[in-house]
Amino acid sequence: IEETLVLVKPDGVARNLTGEILRRIEAKGYSLVDIRMVQADRELLAQHYAEHEGKPFYEPLMEFMESGPVVAMRVAGNRVIEGVRVLAGATDPTTALPGTIRGDFGRDWGLRVQQNLVHGSDSVESAERELSLWFA
Ligand code: ATP
Numbered sequence: 005i006e007e008t009l010v011l012v013k014p015d016g017v018a019r020n021l022t023g024e025i026l027r028r029i030e031a032k033g034y035s036l037v038d039i040r041m042v043q044a045d046r047e048l049l050a051q052h053y054a055e056h057e058g059k060p061f062y063e064p065l066m067e068f069m070e071s072g073p074v075v076a077m078r079v080a081g082n083r084v085i086e087g088v089r090v091l092a093g094a095t096d097p098t099t100a101l102p103g104t105i106r107g108d109f110g111r112d113w114g115l116r117v118q119q120n121l122v123h124g125s126d127s128v129e130s131a132e133r134e135l136s137l138w139f140a
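Residue numbers 5 to 140, in the UniProt record's numbering, belong to the letters of the sequence shown in order.
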């Protein structure tokens, strides 16, 4: 059975949306396998976001992700990687469709990084790599 990493980002935790996000994942039929609250450090975030190093939003993204605790979840289900990304919606919270987590709760705060509440792994390879980082 497939597994993915879901992160409730610092904005989601600060806005008390952790339960709502988990509720949607569970209501869809996916299973929570493990969960932990983490204050991420630079080293973990640099590994997690290695693909974005050098991009204009990289430094703001790092600062945002270490600005407060995140909730990391190991979630299982058939096609859960794709399914969680559909539940999350588009990266940009302004254009994310209503009915998605980002579409319903996200908005553009005019900052240098999109504070879009949630992360989900984007492939089987990413999921394995990210799960081993956050659930070492
Ligand atoms: P995630 O990886 O968090 O699930 P994603 O796959 O939709 O989101 P990525 O392209 O992997 O998006 O970017 C990682 C994160 O970096 C985004 O979720 C967002 O917080 C931020 N980000 C990405 N692109 C931009 C951008 N053009 N401007 C500002 N922030 C961005």
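Where is the CB? At the ideal position from N, CA and C, for every residue including glycine.
Model, not experiment: these values are computed from the prediction.
Exercise for review: Name the two residues that bound the continuous beta strand (DSSP E) containing THR8.
Suggested key: DSSP places THR8 in the uninterrupted beta strand (DSSP E) bounded by 7-12.
Does at least one heavy atom of the ligand ATP sit under 7 angstroms from the Cβ of THR95?
Yes, since a heavy atom of the ligand ATP falls inside the 7 angstroms radius drawn around the Cβ of THR95.
- [ ] Evaluate GLY33 with the Cβ neighbour count: other Cβ atoms within 10 Å of its Cβ, from every protein chain shown; 16 or more gives buried, anything less gives exposed.
- [x] Here GLY33 is exposed, its C-beta having fewer than 16 other C-beta atoms within 10 Å.
Output needed for VAL84: all residues of its chain with C-beta closer than 6 angstroms, excluding positions within five of it in sequence on either side, in chain order. Closer than 6 angstroms at Cβ, skipping near neighbours: GLU6, THR8 and TYR34.
- Task: To the nearest angstrom, report how far apart TYR53 and GLU86 are at their CA atoms.
- Result: Each residue's Cα considered, the two are about 19 angstroms apart.
Report task. Compare the beta carbon distance of GLN119 and ASP45 with 8 angstroms and say whether it is the shorter of the two. Result -> No.
For ALA80, the first and last residue of its enclosing beta strand (DSSP E)
Counted as a single uninterrupted DSSP element, the beta strand (DSSP E) harbouring ALA80 occupies residues 74-80.
By the three-class DSSP mapping on this structure, what secondary structure does VAL117 have?
Coil.
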